[in-house]
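*Asks:* Residues 0 to 824 (numbering that gives the first Met the number 0) make up the sequence shown, in order. No residue lacks a Cβ here, since even glycine has one placed at the ideal position from N, Cα and C. These numbers were taken from a predicted model, which means no experiment stands behind them. One structure, pasted below without further comment.
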Amino acid sequence: MGVKTPVASVQYGINKVRMDAVYGRHKTAGEFKSLGGVVSVEKHERGIVITSENGSVRLTVIAPDCIQVRFQESGTFGVPFSYAVARVSWPDVKFTLGEGDDAFTLAAPEITCVVDRSTSRLTFRNAQGNIIARDAEPIRWREGEMQLVRELPADEQSYGLAAQPVGLNLRGKRYELWNTDPVIYSRDRIPIYYTIPFYLGVTSNFAHGLFWDNPSRGWIDIGAEEQDRLMFSGASGELRYYVFSGLDVISVLNRYTELTGRMPLPPMWALGFHLSRWSYTPADKVREIATTLRKRNIPCDAIYLDIDYMDGFRCFTWDREKFPAPAVLLSELADQGFKVVAILDPGIKADPDYKVYESGLREDVFLKLPNGKPFVGPVWAGNSVFPDFTSPKARAWWAAQFDPVIKPGIAGIWNDMNEPTVFSAAGGNEIPEYVKHDFEGQNLTHLEAHNLYGMLMARASREALEKMKPGKRPFNITRAAHAGAQRYASTWTGDNQATWDHLRLSISMVLNSGLSGLAFNGPDVSGFSGNADAELYTRWIQLGAMLPFFRVHKANDTVPHEPWVYGQPYEDIIRKYINLRYQLLPYLYSLFAQNSQNGWPIIRPLFMADPKDPKLRGVEDMFMVGDSLLVAPVLEKGQTERELYLPRGKWFDYYTNMPIQGGQILTVKTPLDMMPLFARAGQVIPQWPVQQYVGQTPVDELHLKVYAGNGEVTLYEDAGEGMEYQSGGYRWLYFTCKLLPTGGVQLDWRRAGKYRPSYERVRCEVFGIQIEPKEVQLDGQAAPLWYFEKGVVEFTANKPFDNARIIDPDVDDTPSTTLMHSPFK
Ligand code: GLC
């Protein structure tokens with residue numbers, strides 16, 4: 000997007016053609032070979048090696064519900080190396096081997112692999128005996144390519160692969176695995192910035208996952224070439240994948256993120272509202288934005304500095320004309336409660352007078368062509384060189400450059416253009432695949448390293464933040480990513496457009512990102528490219544307020560898009576939804592904590608609320624925030640009412656607190672100030688008072704919204720910043736809400752952990768009480784003061800209680816259950 004250094008990119012295009020002629024492009028050649036029949040099977044300590052006529056497959060039981068598959072033509076298996084995998088040593092799992100006339104079997108407690116004797120095809124079954132994955136063809140390969148071809152049953156829905164701009168179900172398309180800057184994408188543009196080769200297959204009765212642990216160029220075809228085939232292809236390296244068998248999506252994601260790692264808990268301010276633009280410049284513009292936010296009482300935690308804060312787009316420098324005193328600016332902003340996030344691109348301007356370039360050359364950290372010369376390609380700053388983030392030395396060098404950015408007071412890092420992108424007038428805005436990489440001493444090429452580049456840049460930036468800000472939780476966001484990137488950074492959905500269709504796309508993109516391990520994700524609210532009118536902007540803020548990452552960001556050729564520019568009634572509505580975001584922070588934060596512990600997504604497709612209901616399977620215009628809150632955003636211009644199918648069970652209108660029976664289609668009014676929200680019966684949603692930024696004042700009251708019904712809820716609390724939570728400074732809150740057989744509602748509250756929050760007082764509102772109760776008891780004593788009005792019982796306790804009982808009202812006892820598993824049982 001923007002001016003693409005035209006001269007340099009034309010020159011680069013010409014050079015690239017020359018270089019390609021000298022070094023050659025990656026090619027595939029020859030006929031496919033395939034395994035052939037099984038010749039012998041040998042046991043190893045965690046599984047078996049199958050020697051077939053033309054190659055070998057090694058099956059390893061990783062966990063009770065996970066098997067790793069590796070293929071080598073040579074039959075020799077070394078120690079596998081993967082940047083994506085976080086856990087390499089696993090507790091022992093009991094497994095058994097079987098041999099029949101037609102097949103060999105490797106059985107772990109919750110997954111079984113059957114190897115067909117005559118073809119070496121693999122079939123995986125779950126603990127219930129269902130086939131979860133079956134080879135349609137044996138593994139096959141030829142020069143420069145290897146393939147896995149699986150059956151794709153008609154009733155299997157396909158998710159994962161991070162945020163693809165295609166809708167929720169990924170079936171029917173081929174996804175290239177090659178991180179690419181699409182320069183503003185449109186619907187169905189594949190590939191974009193990230194490759195997360197994690198496939199999640201879901202049927203009515205079970206879910207399974209397949210992680211293709213190969214970072215090289217490749218593709219995943221989900222029923223595009225052949226409707227009933229799921230195919231994976233990779234250009235280089237070992238064919239290696241993991242199959243996960245879970246009862247449901249939650250258990251598959253739990254295991255997948257145990258393998259590839261989970262998001263460390265971010266600082267709570269990262270969950271607030273963020274305001275960004277390419278670019279807020281000069282310094283006084285940033286001041287004006289900050290002051291206006293505070294003056295107009297629009298809560299905001301972070302402001303972003305895009306590339307124009309730099310001196311001629313040189314990373315780790317400041318434009319001293321526009322930002323003469325960064326430390327002064329940043330301390331003023333800090334006094335107003337703002338964090339500032341600064342962008343960094345990987346391209347380092349090839350300029351002999353630029354210290355960063357000179358030091359990188361001296362320390363030999365830049366990518367090289369096969370002839371040993373640094374690879375040069377144009378980006379914003381013109382011709383640039385690129386750190387080799389696959390080298391520990393280069394990552395350390397990168398981290399050592401951070402002083403000029405971090406010391407003046409930058410709070411977080413925004414890693415951009417790290418697919419990596421170079422501007423080429425001849426198309427193909429990428430570093431060529433023959434460029435050399437250290438790859439932790441393995442000396443590989445960009446063909447294998449390209450898809451890892453963005454993740455490893457984010458890793459280096461995170462390591463820098465950890466080093467330079469001891470005791471603080473890093474905030475680090477990256478555009479490009481590979482599987483496992485959740486360990487290092489959050490992500491956003493890149494350069495989207497200010498259209499109603501992109502508003503809609505943000506839902507499925509963020510959902511699939513969460514179904515691929517990258518839960519902390521969100522779109523550029525109001526669309527990066529193009530101008531959003533007041534209505535689209537307002538609707539996007541409403542939706543964005545419910546997504547894990549909540550940032551407005553706009554391209555440099557757009558008109559101002561700050562929350563106040565549209566005037567009334569828009570500004571008040573926008574404020575109302577940003578306020579709601581801040582009220583919901585303790586709830587959202589608990590979901591982040593659960594993601595960080597278990598890999599559960601923060602927002603979830605509706606089908607997860609009731610996996611057995613086929614009507615929910617394809618829904619992509621509504622979603623759940625955690626287990627308690629259902630969001631039905633308005634996605635069409637001028638829409639004053641919308642239809643929705645509410646999942647079965649009992650729900651409450653979040654605004655009127657009136658109970659509603661699910662399992663039916665409703666029509667709800669959607670005037671501009673209304674984005675429908677529903678709370679599930681049996682749930683407890685905690686709220687805080689609105690603050691202008693996280694930590695503005697100590698929270699002195701916890702507000703619990705209790706939705707009468709049967710359910711369990713787990714919440715989390717800690718200081719919201721700092722590392723004390725890693726040494727016991729946290730607590731979990733467990734709520735059990737019950738409808739009493741004699742009538743009435745009981746709420747039990749257990750707390751575990753040593754963290755003590757700033758509040759003591761707890762205000763409870765219990766919804767769904769039809770007639771005035773006889774009594775409200777708190778820990779067995781009559782509550783001193785309570786109110787009943789319009790179906791709501793309200794009371795305040797001076798400190799957290801263990802048990803509250805609302806005695807003998809007439810409560811509808813339609814059962815409602817919590818469908819998530821609790822990890823604490
Ligand atoms: C890329 C980023 C965008 C940023 C711009 C300028 O297009 O995706 O967010 O504003 O570069 O740095």
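Report yes or no: do the stretch 144-156 and the stretch 229-249 share at least 3 C-beta pairs separated by less than 8 Å?
*Replies:* At 8 Å Cβ cutoff, the stretches touch.
*Asks:* Can you tell which of Leu583, Thr666, Asn475, Trp539 has the C-alpha that lies nearest to the C-alpha of Glu640?
*Replies:* When only C-alpha atoms are compared, the closest one is Thr666.
*Asks:* Of the choices Glu237, Val551, Ile572, whose alpha-carbon is the least far from that of Met673?
*Replies:* Among Glu237, Val551, Ile572, the Cα nearest to that of Met673 is on Ile572.
*Asks:* Once you ignore the five residues that flank Asn530 on each side, which residues in its own chain have a CB closer than 7 Å to its CB?
*Replies:* Ala497, Thr557, Val558, listed in sequence order.
*Asks:* Looking at the structure shown, is Asn797 part of a helix, part of a strand, or coil, going by DSSP?
*Replies:* Here Asn797 sits in coil by DSSP.
*Asks:* Helix, strand or coil: how does DSSP classify Gln593 here?
*Replies:* Correct three-state label for Gln593: helix.
*Asks:* Could you tell me whether the Cβ atoms of Lys338 and Asp300 are closer together than 7 Å?
*Replies:* Yes. Within cutoff.
*Asks:* With respect to 6 Å, is the separation between the Cβ of Ile306 and the closest non-hydrogen atom of the ligand GLC below this value?
*Replies:* Indeed, a heavy atom of the ligand GLC lies less than 6 Å from the Cβ.
*Asks:* Report yes if the C-beta of Asp415 is less than 6 Å from at least one heavy atom of the ligand GLC; otherwise report no.
*Replies:* Yes, since a heavy atom of the ligand GLC falls inside the 6 Å radius drawn around the Cβ of Asp415.
*Asks:* Whose C-beta lies closer than 6 Å to the C-beta of Ala7 among residues of the same chain, with five residues either side of it excluded?
*Replies:* If we look at Ala7 and ignore the five residues flanking it on each side, its Cβ neighbours are Pro377, Gly381, Asn382.
*Asks:* Go to Arg641, then tell me how far its alpha helix (DSSP H) extends in each direction, as first and last residue.
*Replies:* Here Arg641 belongs to no alpha helix (DSSP H); instead the beta strand (DSSP E) covers 640-645.
*Asks:* Opposite His702 in the DSSP bridges: which residues?
*Replies:* In the DSSP output, where bridge partners are listed per residue, His702 has Gln686, Arg762.
*Asks:* Look at Val551 and Ser525 and say whether their C-beta atoms are less than 7 Å apart.
*Replies:* In this structure, Ser525 lies closer than 7 Å to Val551 by Cβ.
*Asks:* Check whether the Cβ of Trp277 sits closer than 6 Å to any heavy atom of the ligand GLC, and report yes or no.
*Replies:* Correct: Trp277 has its Cβ closer than 6 Å to the ligand GLC.
*Asks:* Pair every Cβ in the stretch 387-401 with every Cβ in the stretch 91-98, then say whether three or more of these pairs are closer than 8 Å.
*Replies:* Short answer: they don't touch.
*Asks:* Whose C-beta lies closer than 6 Å to the C-beta of Ser244 among residues of the same chain, with five residues either side of it excluded?
*Replies:* If we look at Ser244 and ignore the five residues flanking it on each side, its Cβ neighbours are Asp64, Glu109, Ile110, Asn125, Ile131, His207.
*Asks:* Could you tell me which whole alpha helix (DSSP H) segments of length 4 or greater appear in the stretch 257-290?
*Replies:* The stretch 257-290 contains no whole alpha helix (DSSP H) run of 4 or more residues.
*Asks:* Under the rule that 16 or more other beta-carbon atoms within 10 Å means buried, what is Gly721, buried or exposed?
*Replies:* That one is exposed.
*Asks:* Contact check, Leu167 vs Leu510 under 8 Å by CB: the rounded distance?
*Replies:* Yes, they are in contact, since the Cβ atoms of Leu167 and Leu510 sit about 6 Å apart, within 8 Å.
*Asks:* Take Thr104 as the anchor and find which of Leu714, Leu514, Tyr576, Thr59 has the nearest alpha-carbon.
*Replies:* Looking at the Cα atoms, Thr59 is the closest of the given residues.
*Asks:* Which full runs of the alpha helix (DSSP H) of 4+ residues lie inside the stretch 424-506, going along the chain?
*Replies:* List check, alpha helix (DSSP H) in window: 445-448, 452-467.
*Asks:* Please identify the residue among Gln686, Gln567, Ser157 whose C-alpha is closest to the C-alpha of Tyr758.
*Replies:* Of Gln686, Gln567, Ser157, the residue nearest in Cα terms is Gln686.
*Asks:* May I ask you to list the residues that DSSP assigns as paired with Phe677?
*Replies:* Answer by DSSP bridge pairing, in chain order: Leu629, Asp652.
*Asks:* Identify the continuous alpha helix (DSSP H) that holds Thr537 and give its terminal residues.
*Replies:* It spans 533-543 - the alpha helix (DSSP H) in which Thr537 sits, taken as one unbroken run.
*Asks:* Over what stretch of residues does the alpha helix (DSSP H) that includes Leu328 continue unbroken?
*Replies:* Here the alpha helix (DSSP H) through Leu328 covers 325-334.
*Asks:* Between which two residues does the alpha helix (DSSP H) carrying Ala398 extend?
*Replies:* Its alpha helix (DSSP H) spans residues 391-399.
*Asks:* Let's test the definition: count the other Cβ atoms within 10 Å of the Cβ of Phe31 and tell me whether it reaches 16, buried, or not, exposed.
*Replies:* Classification of Phe31: exposed, given that the 10 Å Cβ count is below 16.
*Asks:* Roughly how many angstroms separate the alpha carbons of Thr490 and Phe474, rounded to a whole number?
*Replies:* In a straight line, the C-alpha of Thr490 is about 11 Å away from that of Phe474.
*Asks:* Give the straight-line distance between the Cα atoms of Lys15 and Thr537, rounded to the nearest whole angstrom.
*Replies:* Near 45 Å, if we compare the C-alpha coordinates of Thr537 and Lys15.
*Asks:* Closest by CA to Arg197, which one among Gln596, Arg24, Glu432, Arg239?
*Replies:* The residue you asked about is not Arg; residue 197 is Phe in the sequence shown. The residue with the shortest Cα to Cα distance from Phe197 is Arg239.
*Asks:* With C-beta atoms as the reference, is Arg730 less than 7 Å away from Gly710?
*Replies:* Their beta carbons are not under 7 Å apart, which means Arg730 does not touch Gly710 by this criterion.
*Asks:* Could you tell me whether the Cβ atoms of Ser119 and Leu34 are closer together than 7 Å?
*Replies:* Yes; because the gap between Cβ atoms is below 7 Å, this pair is in contact.
*Asks:* For my contact list, Val37 and Ile47 are in at a C-beta cut-off of 8 Å; report their separation, rounded to the angstrom.
*Replies:* In fact, because the Cβ distance is near 10 Å, the residues do not count as touching under 8 Å.
*Asks:* Does the separation of the CB atoms of Ala425 and Gly23 fall below 7 Å?
*Replies:* In this structure, Gly23 does not lie closer than 7 Å to Ala425 by Cβ.
*Asks:* Give the straight-line distance between the Cα atoms of Leu366 and Tyr308, rounded to the nearest whole angstrom.
*Replies:* One C-alpha to the other measures close to 26 Å.
*Asks:* I'd like the ranges of any beta strand (DSSP E) spanning at least 3 consecutive residues and lying wholly in the stretch 89-151.
*Replies:* Fully enclosed beta strand (DSSP E) runs of 3 or longer: 95-98, 102-107, 110-115, 121-125, 130-133, 139-142, 144-150.
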